[in-house]
Amino acid sequence: MSAENQGAHSSSDRNAPPFRAGALSPEEIRGECPQFRILIIGKANAGKTTILRKVCNAKPDAKPIIYDAQGNEVVQEVRHVSPEPTKSFESLFKFLRRRKGRSGDALVPSTDAPNNSTDVLNPSTERGKHDIEYQLTYAGSNFIFHDSRGIESGSEDELKIVEEFIQKREQLVDWKNQLHVIWYCVPMDDHRPISGAEKAFFSLGTGRVPVVLIFTKFDALELKCYSELLEQGKGHKEASIQAPGLANDTFQKKYLPHVQEAKFPPKTYVCLSGLDKEDNQCSELSEKTMNILDDDILINLFVSTQQNNLDLCIERSIKNIWKIGTFSQMLLVYEIIAVFPNFW
Numbered sequence: 000m001s002a003e004n005q006g007a008h009s010s011s012d013r014n015a016p017p018f019r020a021g022a023l024s025p026e027e028i029r030g031e032c033p034q035f036r037i038l039i040i041g042k043a044n045a046g047k048t049t050i051l052r053k054v055c056n057a058k059p060d061a062k063p064i065i066y067d068a069q070g071n072e073v074v075q076e077v078r079h080v081s082p083e084p085t086k087s088f089e090s091l092f093k094f095l096r097r098r099k100g101r102s103g104d105a106l107v108p109s110t111d112a113p114n115n116s117t118d119v120l121n122p123s124t125e126r127g128k129h130d131i132e133y134q135l136t137y138a139g140s141n142f143i144f145h146d147s148r149g150i151e152s153g154s155e156d157e158l159k160i161v162e163e164f165i166q167k168r169e170q171l172v173d174w175k176n177q178l179h180v181i182w183y184c185v186p187m188d189d190h191r192p193i194s195g196a197e198k199a200f201f202s203l204g205t206g207r208v209p210v211v212l213i214f215t216k217f218d219a220l221e222l223k224c225y226s227e228l229l230e231q232g233k234g235h236k237e238a239s240i241q242a243p244g245l246a247n248d249t250f251q252k253k254y255l256p257h258v259q260e261a262k263f264p265p266k267t268y269v270c271l272s273g274l275d276k277e278d279n280q281c282s283e284l285s286e287k288t289m290n291i292l293d294d295d296i297l298i299n300l301f302v303s304t305q306q307n308n309l310d311l312c313i314e315r316s317i318k319n320i321w322k323i324g325t326f327s328q329m330l331l332v333y334e335i336i337a338v339f340p341n342f343w
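Structure representation (structure tokens):
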């Protein structure tokens with residue numbers, strides 16, 4: 000399920016070096032900034048690893064490549080955890096229909112998951128600044144991710160680490176070292192999705208770096224509403240039809256205002272469901288991210304880096320052509336392929 004953007008622009012009064020303006024060729028863009036850099040924030044089991052794999056077009060069993068602040072590859076100690084993926088609302092509904100005469104049972108998202116799953120973005124005992132400086136990517140991807148593990152605790156120390164990291168990256172001269180976007184993940188299967196950590200973060204400014212608020216496992220809220228409708232005496236079919244609308248209404252009234260009314264709200268938000276489905280490539284996240292970027296060069300860099308939304312590449316190439324106006328046949332081809340992944 001998706002929701003329309005109602006968020007405002009996140010900003011602060013800090014002065015930051017602007018992204019380089021002017022027309023640059025794809026080769027020049029890649030030369031100056033070979034990777035698109037994202038800070039991802041969120042609680043453990045918020046689906047962060049799944050999102051990163053999908054936007055990098057990596058296989059489910061692909062292992063990330065991690066570098067320290069100096070660029071040295073980090074040998075990972077494999078930690079086996081259960082990521083607790085939420086089943087899609089459709090599959091849960093089919094399961095529930097087979098449970099005849101048990102409509103009063105409590106309904107909770109399934110936590111069935113292989114015990115050999117590895118979530119590299121879960122909190123570790125080695126938290127803080129050392130972790131947030133680490134750079135994570137996948138083979139063949141030009142994304143660089145930083146993970147702020149530990150912010151879920153809501154402590155002032157952890158929040159300070161994140162704030163200092165954002166400020167430091169904002170002031171760097173080299174474009175390639177700057178932070179380009181922040182993804183903040185909030186799992187909707189949590190008993191308290193919007194906690195003190197989220198409220199504290201959105202009371203801070205992020206400078207020129209826009210924030211996308213990602214509500215993951217949104218089908219968990221649909222399931223909760225489905226359960227409530229059953230308790231009200233609705234039939235399975237009627238409850239399944241009404242649950243998505245009730246979930247969206249609950250989300251808009253109960254959860255979203257907490258962040259929209261913050262001092263520095265996210266620039267946009269997206270609701271993600273069914274992340275366990277192989278064909279769900281988080282394409283809406285890529286689209287929302289592209290739409291909040293206000294620099295043409297950054298937009299081209301992001302679109303050519305993401306590998307999960309071909310329509311985005313086509314849309315951007317058409318816009319680039321219209322901006323040029325008059326052009327030669329060679330330039331036409333050049334602009335078309337400029338934003339497609341794997342060409343540069």
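Residue numbers for the sequence shown follow numbering that gives the first Met the number 0, beginning at 0 and rising by one. No residue lacks a Cβ here, since even glycine has one placed at the ideal position from N, Cα and C. What you are looking at is a predicted structure, and each value in this text was computed from that prediction instead of being measured.
Going by beta-carbon coordinates alone, are residue 192 and residue 135 separated by less than 8 angstroms?
no
Below 8 angstroms CB to CB, which residues in the same chain sit around residue 132 once its five sequence neighbours on both sides are set aside?
67, 68, 145 and 164
With DSSP as the reference, identify every bridge partner of residue 270, one or two as the case may be.
214
Residue 134, enclosing beta strand (DSSP E) - first and last residue:
134-136
Can you give me the Cβ contacts of residue 245 inside the same chain, cut-off strictly under 6 angstroms, excluding the 5 residues immediately before and after it?
224
Determine the contact status of residue 46 and residue 215, defining contact as a CB-CB distance below 8 angstroms.
yes
Can you tell which of 183, 229, 242 and 162 has its C-alpha closest to the C-alpha of residue 203?
162
Could you tell me the boundaries of the alpha helix (DSSP H) in which residue 52 lies?
47-54
Which class does residue 243 belong to by DSSP, given the choice of helix, strand or coil?
helix
How is residue 145 classed by DSSP in three states: helix, strand or coil?
strand
Anyone know if the C-beta pair for residue 178 and residue 168 falls short of 8 angstroms?
yes
If we count the other Cβ atoms within 10 Å of its Cβ and call it buried at 16 or more, is residue 13 buried or exposed?
Confidence at residue 13 is low in this model, with a pLDDT of 44, below 50, so its placement is unreliable and the value that follows should be read with caution. By the neighbour-count rule (16 or more Cβ atoms within 10 Å), residue 13 is not buried but exposed.
Buried/exposed call for residue 252, threshold 16 Cβ in 10 Å:
exposed
Taking the alpha-carbon of residue 181 as reference, which of 209, 254 and 52 has the nearest alpha-carbon?
209
Which same chain residues end up closer than 7 angstroms to residue 100 when comparing Cβ atoms and leaving out the 5 residues on each side of it in sequence?
Confidence is the limiting factor: at residue 100 the pLDDT is only 43, short of 50, which leaves the residue's position unreliable, though a coordinate-based value still follows. None.
Given a cut-off of 8 angstroms, decide if residue 220 and residue 249 are closer than it, judged by their beta-carbon atoms.
yes
Use the C-beta contact count for residue 232: other C-beta atoms within 10 angstroms, 16 or more gives buried, fewer gives exposed.
exposed
So, with DSSP's three-state summary, where would you put residue 36?
strand
Tell me which same chain residues have a C-beta within less than 8 angstroms of the C-beta of residue 143, skipping the five on either side of it?
34, 35, 36, 37, 134, 135 and 136
Rounded to a whole number of angstroms, what is the C-alpha to C-alpha distance between residue 259 and residue 290?
18 angstroms
Neighbour-count burial assignment, residue 59, 16 or more Cβ in a 10 Å radius:
exposed
Going by the beta-carbon positions, is the gap between residue 384 and residue 44 smaller than 8 angstroms?
Examination of residue 384 is not possible in this model, given that the chain is present from 0 through 343 alone.
Grouping DSSP H, G and I as helix and E and B as strand, with all else coil, what is residue 41?
strand
Under the assumption that residue 270 contacts residue 39 (Cβ atoms under 8 angstroms), give the Cβ distance between them as a whole number of angstroms.
About 17 angstroms separates the two Cβ atoms, so there is no contact after all.
Under the three-state DSSP convention, the category residue 72 falls into:
strand
In this structure, does DSSP put residue 281 in helix, strand or coil?
coil
N-terminal and C-terminal residue of the alpha helix (DSSP H) that residue 256 is part of
255-259
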